[in-house]
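Asks: Supplied in C-alpha cells, the structure appears directly below.
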Amino acid sequence: MTSDNAVPLTQKSFHIRKSLKDLAHRPRLNKRKQHLPNLCLPLPSLPSHLNAKDNYVYDILYECQRGSWLVGYSSKTLLQFDPNPWCDAYMKYTPMNPTTYQLPDPTWEWVSKEWMVDMTEDVDEAGWQYSVKFHGAVWHGNYKHFRSFVRRRRWIRLRHRGQQQQKDQSGESKNQGDIVKTRQLVKIDGDDDDDDNTKQQQQQLAESSKSMNETDLLNSLKNCRLDRERRSVFDSLLSSSSTTQIDSLLADEEKVMNKINCW
1 MTSDNAVPLT QKSFHIRKSL KDLAHRPRLN KRKQHLPNLC LPLPSLPSHL NAKDNYVYDI
61 LYECQRGSWL VGYSSKTLLQ FDPNPWCDAY MKYTPMNPTT YQLPDPTWEW VSKEWMVDMT
121 EDVDEAGWQY SVKFHGAVWH GNYKHFRSFV RRRRWIRLRH RGQQQQKDQS GESKNQGDIV
181 KTRQLVKIDG DDDDDDNTKQ QQQQLAESSK SMNETDLLNS LKNCRLDRER RSVFDSLLSS
241 SSTTQIDSLL ADEEKVMNKI NCW
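Laid out in C-alpha cells, this is it:
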C-alpha cells in the first residue's frame, strides 16, 4: 500500500569534474599495498671496495612501452597521458637516451663500459615490469592478462668523480709556484752589471720599435676615412703592443694629434 504523502524520488545528474589525464594519474587504493612496505625499486649496492661512496653515482633511465601480448609492445603506441619513451629516475621527461646521455662535467667518468638493464627486482628475462598503467599501479615481473597493458625497463650506469685528477692539478700548481719563487730568487741574487745590460737592451729595443710603430701608425691613420676606422687602428695597436712601445708612442702624443687634425 502506498500513502498519499509519499515524497517523490529525484535522480541527481553525475558530472565528471576531472580530466581523463588526472583520473589516469590518480593512484587507486589497493589493500595489497598494506602488505608491500616499499614499492620503489632500490638501486643495486655499490662494490665493497669503494670507500668514497659520495663520488660514485648511478644514472638511471626508464624505457616505457604500451601494448599487449597479442599485438606486441612499442613506444610508438604510448597515449597522450603516458610518459615519454625515455624518462629519468622519477619517471619525468628527459631528452636523453642511452646513446645520447652525457656526463654532467669533465670531472666525472664512466665506471661501467655501457648501459645495463637492472635485473635485481621482480622483472622478466628481459628486465621488463608490467602493469595496468604507468602511474599509481602495482608492477609485476610476469605477464598477466588484462593487467599488463604497459611495461617499463630500468637502465643503469655507474659513474664516479676522479680524485686523482684533482690531486695532480693541485700538485702541478704547487710546482709552478716553486719555480716562480726560484726564478725570483735568481733574479734578486744576480749581479748589478747584468741588470744594467738588460735595461740597456730593453731601451734599444724600445727605440727601434718606436720609429717603426710611429711610421706604421701614421700611414694607417692617413688611409682611414672615418673616425671609427681610426679608433679601430688604435685599439689594435694597444692590444698588440707592449707597455714600453705604448709609453714611447704616448711621448709623441702631440705630434700624432696634430697630424690627425690636419687630415
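Here full-length UniProt numbering is used: position 168 in the sequence shown is 168, and no number is missing along the way. Virtual Cβ for every residue (Gly too), placed ideally from N, Cα, C. Since we're looking at a predicted model, the values are computed, not measured.
At the 8 angstroms Cβ level, is Asn84 part of the contact set with chain D, yes or no?
Replies: The structure shown has no chain D; it contains just one protein chain.
Asks: Quick check: the Cα distance between Ile156 and Thr107, rounded to an integer number of angstroms?
Replies: Approximately 20 angstroms between the Cα atoms of the pair.
Asks: When we look at the beta-carbon of Tyr130 and count the other beta-carbons within 10 Å, is it buried (16 or more) or exposed?
Replies: So Tyr130 counts as buried.
Asks: Ignore the nearest five residues each way along the sequence and tell me which others in Asp124's own chain have a CB closer than 7 angstroms to its CB.
Replies: Closer than 7 angstroms at the Cβ level, and outside the excluded window around Asp124, lie Gly141, Asn142.
Asks: When the distance is taken between beta carbons, is Trp86 closer than 8 angstroms to Met96?
Replies: It is a contact, given that the beta carbons lie within the stated cut-off.
Asks: What does a CB cutoff of less than 6 angstroms around Ser112 pick up in its chain, not counting 5 residues either side in sequence?
Replies: So the list reads Arg157, Leu158, once near-sequence residues are dropped.
Asks: I'd like to check one pair, Trp128 with Arg147: are the Cβ atoms closer than 8 angstroms?
Replies: Against a cut-off of 8 angstroms, the Cβ pair of Trp128 and Arg147 comes out as no contact.
Asks: Would you list the residues sitting across from Tyr58 in a DSSP beta bridge?
Replies: Partner(s): Leu158.
Asks: From the DSSP output, in three-state form, read off Arg230 for me.
Replies: Of the three classes helix, strand and coil, the one that applies to Arg230 here is helix, per DSSP.
Asks: Short of 6 angstroms in beta carbon distance, which residues of its chain neighbour Trp115, apart from the five on each side in sequence? Order them along the chain.
Replies: Counting only Cβ-Cβ distances below 6 angstroms, and skipping sequence neighbours, we find Pro98, Trp155, Arg157.
Asks: Any idea if Asp118 is buried or exposed, counting beta-carbon neighbours within 10 angstroms, 16 or more meaning buried?
Replies: Buried, by the Cβ-count rule.
Asks: Note down the Cα distance separating Asp191 from Ser248, rounded to an integer number of angstroms.
Replies: Per-residue confidence for Asp191 stands at a pLDDT of 49, beneath the threshold of 50, marking its modelled position as unreliable; the derived number appears in the next sentence. Their Cα atoms are separated by approximately 28 angstroms.
Asks: Taking Cβ to Cβ, would you say Val233 is nearer than 8 angstroms to Leu218?
Replies: Cβ distance not < 8 angstroms, so Val233 and Leu218 don't count as in contact.
Asks: Please work out which residues of its chain come closer than 7 angstroms, Cβ to Cβ, to Thr77, disregarding the five sequence neighbours upstream and downstream, and give them in chain order.
Replies: Taken in chain order, the residues that qualify are Arg66, Gly67.
Asks: When DSSP labels each residue in this structure, what does Met96 get in the three-state scheme?
Replies: Coil.
Asks: Would you give the residue range spanned by the beta strand (DSSP E) that Gly72 belongs to?
Replies: That run of the beta strand (DSSP E) goes 72 to 74.
Asks: Which two residues bound the contiguous beta strand (DSSP E) that contains Tyr130?
Replies: 128 to 131 is the extent of the beta strand (DSSP E) around Tyr130.
Asks: Please state whether DSSP places Met119 in a helix, a strand or coil.
Replies: Of the three classes helix, strand and coil, the one that applies to Met119 here is coil, per DSSP.
Asks: Tell me whether Tyr61 is buried or exposed, calling it buried when 16 or more other Cβ atoms sit within 10 Å of its Cβ.
Replies: Here residue 61 is Leu; the residue named in the question, Tyr, does not match the sequence. Burial call: buried.
Asks: Count the other CB atoms within 10 Å of the CB of Ile188; is the residue buried (16 or more) or exposed (fewer)?
Replies: With a pLDDT of 42 at Ile188, under the threshold of 50, the predicted position of this residue should be treated as unreliable, though the coordinate-derived value follows. It is exposed - the Cβ of Ile188 has fewer than 16 other Cβ atoms within 10 Å.
Asks: Helix, strand or coil for Ser148 per DSSP?
Replies: Coil at Ser148, not helix or strand.
Asks: Are there 16 or more other CB atoms within 10 angstroms of the CB of Thr243, so buried, or fewer, so exposed?
Replies: The residue is exposed, with fewer than 16 neighbouring Cβ atoms inside 10 Å.
Asks: Any idea if Asp59 is buried or exposed, counting beta-carbon neighbours within 10 angstroms, 16 or more meaning buried?
Replies: The residue is buried, with at least 16 neighbouring Cβ atoms inside 10 Å.
Asks: For Glu63, which beta-bridge partners are listed by DSSP?
Replies: Answer is Trp86, Arg153.
Asks: For Ser112, which of helix, strand or coil comes out of DSSP?
Replies: In the structure shown, Ser112 sits in coil (DSSP, three-state: anything other than H, G, I, E or B).
Asks: Please tell me whether Asp88 and Phe134 are closer than 8 angstroms, where the distance is taken between their beta carbons.
Replies: It is not a contact, given that the beta carbons lie outside the stated cut-off.
Asks: Does the separation of the CB atoms of Cys64 and Ser75 fall below 8 angstroms?
Replies: In contact: Cys64 and Ser75 (Cβ atoms closer than 8 angstroms).
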